[in-house]
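As structure tokens, the structure follows; a few thoughts come after it.
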Amino acid sequence: MKKVLSILLASAMVLSLAACGGGNSGNQGGQSSGGSQGGSSQGGSSTPAPTDGMDALIEAAKAEGELVVYGSCEEDYLAAACEKFEQMYGIKTTFQRLSTGEVQAKIEEENGNPSADVWFGGTTDPYNVVAAEGLLEPYEAINASHITKDVYKHSDNMWHGIYTGILGFMVNKDELARMNLEAPQDWPDLLKPEYQGLIWLSNYNTAGTAKLVINTMIQKYGHDEGIQYLVDLDKNIEVYTKSGSGPSKNVGTGECVIGIGFLHDGITQILDNGYENIELIIPSSGTSCEIGATAIFKGAAHPNAAKLWIEYALSPDCVNQADEVGSYQFLVLDNAEQPQAAYDFGLDPNNVMDYDFEDATANISTYIEEVMTALASAGANTGDTGRFQTE
Numbered sequence: 086m087k088k089v090l091s092i093l094l095a096s097a098m099v100l101s102l103a104a105c106g107g108g109n110s111g112n113q114g115g116q117s118s119g120g121s122q123g124g125s126s127q128g129g130s131s132t133p134a135p136t137d138g139m140d141a142l143i144e145a146a147k148a149e150g151e152l153v154v155y156g157s158c159e160e161d162y163l164a165a166a167c168e169k170f171e172q173m174y175g176i177k178t179t180f181q182r183l184s185t186g187e188v189q190a191k192i193e194e195e196n197g198n199p200s201a202d203v204w205f206g207g208t209t210d211p212y213n214v215v216a217a218e219g220l221l222e223p224y225e226a227i228n229a230s231h232i233t234k235d236v237y238k239h240s241d242n243m244w245h246g247i248y249t250g251i252l253g254f255m256v257n258k259d260e261l262a263r264m265n266l267e268a269p270q271d272w273p274d275l276l277k278p279e280y281q282g283l284i285w286l287s288n289y290n291t292a293g294t295a296k297l298v299i300n301t302m303i304q305k306y307g308h309d310e311g312i313q314y315l316v317d318l319d320k321n322i323e324v325y326t327k328s329g330s331g332p333s334k335n336v337g338t339g340e341c342v343i344g345i346g347f348l349h350d351g352i353t354q355i356l357d358n359g360y361e362n363i364e365l366i367i368p369s370s371g372t373s374c375e376i377g378a379t380a381i382f383k384g385a386a387h388p389n390a391a392k393l394w395i396e397y398a399l400s401p402d403c404v405n406q407a408d409e410v411g412s413y414q415f416l417v418l419d420n421a422e423q424p425q426a427a428y429d430f431g432l433d434p435n436n437v438m439d440y441d442f443e444d445a446t447a448n449i450s451t452y453i454e455e456v457m458t459a460l461a462s463a464g465a466n467t468g469d470t471g472r473f474q475t476e
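Numbering of the sequence shown is given in my numbering, commencing with residue 86 and proceeding in unit increments.
Next up, the structure:
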């Protein structure tokens, strides 16, 4: 039913695909996956098929008997992934859902003595920062052979990609019609005065999505012009949510009229939550995409279970669950089943701008400071946690 609905809805969407580039680009408190909600639809335990070179790793992981996961994807996907890992291997798996910025801050504070073993989901800009700080453990995964492009894997095996998602706009069609406003079609449109107070974005300090927005604007317009764009955009932004998916969750209700974020989060709101009043828009002059990843924390207490998690996360056993629980990202493994809904809505993971990962990795911390300083200098109260949300 969801697939039929997605096709019908896709035909009504206005997606500006021209000139997009063409580059190649826990539950809180540590819930055990066995008692999580929104888990895998497959009940009972299953026995993993023998895999060349992995039998010894499986036995070593089982001997450790435990795994702790920080997840920055949506919680239903995180819970399902952790539950199935526990069922497959009999390893107690606990998880906590945190934004990528929260995970980064936590791991930096713990400095080599992490309270979790692995990181699952969330865009790779924060992953690259902690990798450069020596806080991720390299691992050359057997299943990495199924990753379709080199860009979807860290050059030193600090992280491995599992999915990719396109950055764009989600708008409430009913609210725009009520206000007699047209939907924005490109990044400059968001600066129009008629959109004042209608736009939501995530917090640059807490969300990997917002960090990707910073890097995208600087790479599109240049350093000074990109930061100035974000200062100008701030005049129209009502709320900066803690998590990157925050804007999408409020578009259907009309509390947020225009949300900036990943379009697969908008698909979730349309198909799974029934908000047919949401329209998805790819910026006409081009946009970027995230790479969602998984990684092992340096100093992990359960290193073999952590390595086994990476192998599992790079397998259909894990990633094919995504669209079953409302996560419609494109998968980056050649043996995975792509979510049909993303194609039904006209999304194309290859139709994005070239993204300079090296510049993003080297400079994002500086860019965040520069943006926040520029916003404060322009009069924004960056200490207002009601607007710049951290909870």
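We treat Cβ as the ideally placed atom computed from N, Cα and C, and that holds for glycine.
Asked                                                                                                                             : Found
Neighbourhood of residue 163 by C-beta distance below 8 Å, restricted to the same chain and skipping five residues each side      : 111, 154, 156, 180, 182, 205 and 206
Sequence-distant residues of the same chain with beta carbon closer than 8 Å to residue 467, five excluded per side               : 457, 460, 461 and 473
Closer than 8 Å to chain C by CB, residue 436                                                                                     : Structure shown: chain C not included; a single protein chain is present.
Proximal residues to residue 224 (C-beta, below 7 Å), its chain only, five neighbours per side dropped                            : 242, 381, 392 and 395
Through-space distance from residue 220 to residue 192, alpha-carbon basis                                                        : 7 Å
Cβ pair residue 211, residue 233 closer than 8 Å                                                                                  : no
The region 358 to 366 touching the region 302 to 316, judged by at least three CB pairs closer than 8 Å                           : no
Residue range of the unbroken beta strand (DSSP E) whose run includes residue 245                                                 : 244 to 257
Start-end ranges of the alpha helix (DSSP H) lying completely within the region 136 to 169, minimum 4 residues                    : 140 to 149
Same chain only: Cβ atoms within 8 Å of residue 142, ignoring 5 sequence neighbours per side                                      : 389, 392, 393 and 396
Proximity winner among 252, 268 and 251, relative to residue 258 (alpha-carbon distances)                                         : 268
Residues bridged to residue 177 (per DSSP)                                                                                        : 151
Given 8 Å, three or more beta-carbon pairs between the region 320 to 334 and the region 275 to 288                                : yes
Chain-order list of residues whose beta-carbon lies under 8 Å from that of residue 490 (same chain, five-residue window excluded) : Outside the shown range of the chain (86 to 476) lies residue 490, about which nothing can therefore be said.
Sequence-distant residues of its chain with Cβ nearer than 6 Å to residue 264 (five each side left out)                           : none
Buried or exposed (CB count within 10 angstroms, at least 16 for buried), residue 150                                             : exposed
CA nearest to the CA of residue 203, picked from 250, 152 and 430                                                                 : 152
Cβ shell of residue 305 (< 6 Å), same chain only, five flanking positions each side left out                                      : none
Euclidean distance between Cα positions of residue 238 and residue 222                                                            : 14 Å
Close-in-space but distant-in-sequence residues of the same chain around residue 453 (CB under 8 Å, 5 per side omitted)           : 289, 290, 296 and 299
Per DSSP, the bridge partner or partners of residue 195                                                                           : DSSP output for residue 195 lists no bridge partner at all.
Nearest-angstrom beta carbon gap, residue 271 and residue 368 [assumed within contact, 8 Å]                                       : 5 Å
Extent of the continuous alpha helix (DSSP H) to which residue 333 belongs                                                        : 333 to 336
Nearest candidate by alpha-carbon position, reference residue 240, set 254, 216 and 253                                           : 216
Candidates 199, 190, 236 and 354: closest to residue 214 by CA position                                                           : 190
Entirely enclosed alpha helix (DSSP H) segments - the region 245 to 324, minimum 4 residues                                       : 258 to 263, 293 to 306 and 308 to 319
Cβ neighbours of residue 320 in the same chain (closer than 7 Å, five flanking residues each side left out)                       : 281
Given residue 350 as reference, the closest of 339, 340, 363 and 302 once Cα atoms are compared                                   : 363
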